[in-house]
Amino acid sequence: MNFIAANQTLPVGLLTGSLCLYLAIALIKFLQKYWFTPLRIQREMNLQGIKGPSYKFMHGTNKETLKMIKEAKSKPMATLSHDLLPRLHPYIYSRLNSYGKCYLSWRGSRPELYITEPELVKELLIKSNDPSGDFLKFTSRDRENKKEDFFVKLFGDGLVTSQGEKWVKHRKLANYAFHGESLKSMTPAMIASVETMLERWKQFEGKEIEVFEEFRLLTSEVLSRTAFGSSYLEGEKIFDMLKKLSSLTSKNIFKTMLPHVISKFWRTADSIESDKLVKGIHDSIMEIVKKREEKVVQGEANSFGIDFLGLLLNSFHDPDKNNRLSVQDLVDECKTFYLAGQESINSALAWTVFLLAIHPEWQEKARKEIIEVFGNQNPHSEGIGKLKIVSN
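When the sequence shown is numbered by UniProt numbering, its final residue is 392 and no position is left out of the sequence of numbers.
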């Protein structure tokens, strides 16, 4: 009887031992990722002369960074100045002064090397797109565990985030879409959109205008029509979802990410909302894609077109599988262009207007040059090349 009882308890003991072993391995992996590896990297970088704020368990330097951002935004701007680094990125400004032009920081357990030396930045950008380079292999491994990364959800694996041969292929598409001849054909649509905006501004004469929002509407319309051949409403729907996803990204960018095992079973409200937005953006882009494809299938158009979407579709349907884009590549490139295109143009326009406002003498110089080149005519591509003050 004693033998039988002992035999029956054997599976329980085996199960308990297995569970303890599993938990021990999980703990070792956890400590390896969130403690031992960060400390090793910090020590190795220090030996090479690259300093930075000390790593803190789990959150890295996130708490310190968020505190700096909160303090900077709590104070009004003392003067109107184009030196905005202390205001927009106080953590970078502070650490550059403390640790030099190259320093190590931490986003959770992930190390981030900040580099502000132009020649070194140039070298890294070149090497990051060399398929045979060690830099590419390292960053690719780092990206494997970023399914919950909001930045990845925002840009996917498009031109901004892709590397190596994939980046080269996608960069060629972008270059071809926006060479001189392609831009010339877009000029009338751009002028029409600007004229509509200026006509709307007449009703605000003598009043304040939120130019950043106005330029956001302008760039949304121009990009939708010139790059995707879609209506303003279709584009605005996508821009609105991207704006919300971008806000979630900014909100969570310095928050400590949950360990991968935990995030499988417990997700934050922002993570769930971001997934809904990603799906909504994907579906909206595919609607525009299918409309363009249907026009060709039904004989309403002879080709997919020469705008950005047309070039993507030509690559998507390329018979050579080595050059062919996948559905996800197609969507990611559209997302990248919608977001990066709008943000860069919108910010540049608002920034230019701001600088002209605080330097009225340059307003007069720019206005004089434009009148000399164009007179009372609308701008045209030939004349734009003659603008020296405005283009520089």
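Here a beta-carbon is modelled for each residue, glycine too, at the ideal position from N, C-alpha and C.
> Do you know whose CA, among Q298, I281, L387, lies nearest E236's CA?
Replying inline: I281
> How many Å lie between T256 and T268 at the Cα?
Replying inline: 12 Å
> Looking at V222 and A189, is the spacing between their C-beta atoms short of 8 Å?
Replying inline: yes
> Which residue or residues does DSSP assign as beta-bridge partners of W106?
Replying inline: P111
> Opposite residue 404 in the DSSP bridges: which residues?
Replying inline: With the chain represented from 1 up to 392, any question about residue 404 goes unanswered, as that position is not in the structure.
>> Only counting the same chain, and skipping five residues up and downstream in sequence, which positions put a Cβ closer than 8 Å to that of L183?
In response: S381
>> Three Cβ pairs or more, each shorter than 8 Å: is that satisfied between the stretch 331–346 and the stretch 231–247?
In response: yes
> Between N302 and the rest of its own chain, which residues show a CB-CB distance below 8 Å, the 5 nearest in sequence each way excluded?
Replying inline: V296
>> Taking 6 Å as the limit between beta carbons, can you name the residues of its chain near E112, skipping five residues before and five after?
In response: S105
> Taking the C-alpha atoms as reference points, what is the distance between G385 and N378?
Replying inline: 14 Å
>> For P319 and K279, what's the separation of their Cα atoms in angstroms?
In response: 28 Å
> On the three-state DSSP scale, how would you describe L312?
Replying inline: helix
>> When you compare the stretch 215–232 with the stretch 341–355, are there three or more beta-carbon pairs, one atom per stretch, that lie closer than 8 Å?
In response: yes
> For the putative contact between G52 and Y93, defined by C-beta atoms under 8 Å, what is the C-beta separation to the nearest angstrom?
Replying inline: The pair is not a contact, with the Cβ atoms about 14 Å apart (cut-off 8 Å).
>> Output needed for L66: all residues of its chain with C-beta closer than 7 Å, excluding positions within five of it in sequence on either side, in chain order.
In response: F254
> In whole angstroms, what separates the C-alpha of Y176 from that of Q163?
Replying inline: 19 Å
> Which stretch, first to last residue, makes up the alpha helix (DSSP H) that contains P319?
Replying inline: Looking at the DSSP string, P319 is not in any alpha helix (DSSP H), and its letter there is neither H nor E.
> Any idea what DSSP makes of N145, helix, strand or coil?
Replying inline: With a pLDDT of only 47 at N145, under the threshold of 50, the placement of this residue in the model should not be trusted; the figure read from the coordinates follows. Three-state result, N145: coil.
> Which residues mark the beginning and the end of the alpha helix (DSSP H) in which F215 is found?
Replying inline: 211–228
> Can the beta-carbon of S274 be found less than 8 Å from the beta-carbon of F150?
Replying inline: yes
> Since G156 contacts Q48 with CB under 8 Å, what's their CB separation in whole angstroms?
Replying inline: Going by Cβ atoms, the distance from G156 to Q48 rounds to 33 Å, so no, they are not a contact pair.
>> Buried or exposed for N62, going by 16 or more other Cβ atoms inside 10 Å?
In response: buried
>> Between S109 and G60, how many whole angstroms is the CB-CB distance? I'm expecting something under 8 Å.
In response: 6 Å
>> Taking the beta carbon of E294 as the centre, do at least 16 other beta carbons fall within 10 Å, making it buried, or is it exposed?
In response: exposed
>> I'd like the list of long-range same chain contacts for R171, defined as Cβ closer than 8 Å, with 5 residues on each side in sequence excluded.
In response: L159
> Excluding the five sequence neighbours on either side, which residues of its own chain have a C-beta within less than 7 Å of the C-beta of K33, listed in chain order?
Replying inline: S109
>> By the three-class DSSP mapping on this structure, what secondary structure does A78 have?
In response: coil
>> Taking its Cβ as the centre, do 16 or more other Cβ atoms sit within 10 Å of W362, making it buried, or is it exposed?
In response: exposed
> Helix or strand or just coil, what does DSSP make of I4?
Replying inline: Reliability of the predicted coordinates at I4 is poor, the pLDDT of 48 falling under 50, and the value obtained from them is presented with this limitation in mind. Note: I4 maps to helix in three-state DSSP.
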